[in-house]
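Everything below concerns the one structure shown next.
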Amino acid sequence: MSGGRRWILVVPIAVLVTALLAGVVTWAQGGNIQRDLTSDAQAALARAGLGKGTVTFDGRDATLSGFAPDQALRALEIVQNVDGVRGAQLQGDVTPVAPSSEAPTTTPPSTSSPPPTTSATAPPPPTDKAGVQAEIDRMLAEAPITFVPDTARLTPEGEQAARAVAVALAKSPGTFRYRVTGHAARGSGSASGALKLSRDRARAVTRILTTTGLTAKRVTYRGLGDTRPTGGEDDRRVDITVV
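Read in my numbering, the sequence shown has 1201 at position 161, and its numbers run on one by one without any break.
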C-alpha cells in the first residue's frame, strides 16, 4: 500500500477516535455536574433542617420529592438558590403559603342592642381562565409589581405584590400555565439594554412564582424592552397572562 493510501485511512480513524474521546469527556463532565449539584443541594437542605426528602438532577434541573407538604416550598426555594441550578420542580403535595392572620381582639360587652348579624363568606377562587386573569389584573392594578429604576431588583412593595399573586395562582387549576412579560421605561439605555433589563425583571418575578406554589414548567417569561410604553412608573413593570 502506498504512503498516500495509508494517510487516507489514518485520517478518518484519528477523527473518529477524537470524537469518541470528546464524547466520553462530555459524558463524564455531565455526571460530575449532577453529582456536585446533588451534593450541594442536599447540604443546603440539611443546613436548613430539611434533610427528609430526595433531590435528583437531570443536567442542571432538579426534581424534589418526599418532602412534607408544609416544607416542600421552602425546600424548593433553597434548591433553586444553589449555584449552578437552572430550574427545579416539586413532586407531591404542597401547602400554599398564606398570609398570617392576626389574633382576634376581644371587646367588652355592650349594653346596647346588637347590630343585625350578617353572614359574609369569601367567594371561592375562580376556576376558569377568564376569571383567573381578571383576578390577576385586579391584584396588579391595586398593587403593581415595581422595580428599582434601571435594575431588575424588586422594591419591597413589588416583592410583596409578586408573592401575593403567587399565593393566588397556587390555588388555581393545576393545568393552567402563565407567561410573565417584563417591560422597561424609555431611556433605559440602548434597545438591547432595555430588552435585557425587561427580561431580567420577568425572570425575577418568575423565580418568586416558582418558589411560592407553581412548578417551573407552568411558568414562562419574556422581555419586551421599552416597546410598549404606558408612561411614568408603569413602564417598570411586569404583566402576568394566563396562556
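Glycine residues also receive a C-beta, built at the ideal position from the N, C-alpha and C atoms. Quantities reported herein were computed from a predicted structural model and do not represent experimental measurements.
C-alpha of ALA1084 to C-alpha of GLY1093: approximately 12 Å in a straight line. Among the bridge pairs identified by DSSP, LEU1085 is matched with none. Burial is judged here by how many other beta carbons sit within 10 angstroms of a residue's own beta carbon; ASP1266 has at least 16 and is buried. Excluding the 5 residues flanking it on each side, LEU1235 has same chain C-beta neighbours closer than 6 Å at GLY1263, GLY1265, in chain order. Cβ contact annotation for GLN1129 (same chain, cutoff 7 Å, sequence separation greater than five): THR1103, THR1255, ALA1256, LYS1257, in chain order. In the DSSP assignment, ARG1276 falls outside any alpha helix (DSSP H), carrying neither H nor E. Checking the DSSP bridge columns, you'll see SER1105 partnered with THR1094. Our two residues, SER1232 and ALA1224, have alpha carbons roughly 11 Å apart in a direct line. In the three-state scheme derived from DSSP, where H, G and I count as helix and E and B as strand, LEU1130 is classed as strand.
The beta carbons of ILE1176 and ALA1201 sit about 11 Å from each other, so the pair does not count as a contact at 8 Å. Here the alpha carbons of ALA1204 and THR1191 stand approximately 22 Å from one another. The bridge partners DSSP lists for LEU1194 are PHE1187. For GLY1099, there is no enclosing beta strand (DSSP E), as DSSP marks it with neither H nor E. For GLY1233, the uninterrupted alpha helix (DSSP H) segment begins and ends at 1231 to 1250.
Following the DSSP letters along the chain, one finds GLY1171 inside the alpha helix (DSSP H) bounded by residues 1169 to 1182.
Distance from the CA atom of VAL1119 to the CA atom of LEU1090, rounded to whole angstroms, is 11 Å. When the Cα atoms are used, VAL1220 and VAL1172 turn out to be separated by approximately 15 Å. In this structure, DSSP gives VAL1259 an extended state, which the three-state scheme calls strand. Per DSSP, VAL1283 is not a residue of any alpha helix (DSSP H), being assigned neither H nor E. When rounded, the separation of the alpha-carbon atoms in VAL1259 and LEU1209 is 11 Å.
Taking a contact as a CB-CB distance under 8 Å, the pair TYR1218 and ALA1242 does not count as one, their CB atoms being some 11 Å apart.
Going by beta carbons, GLY1198 and PHE1187 fall inside the 9 Å limit.
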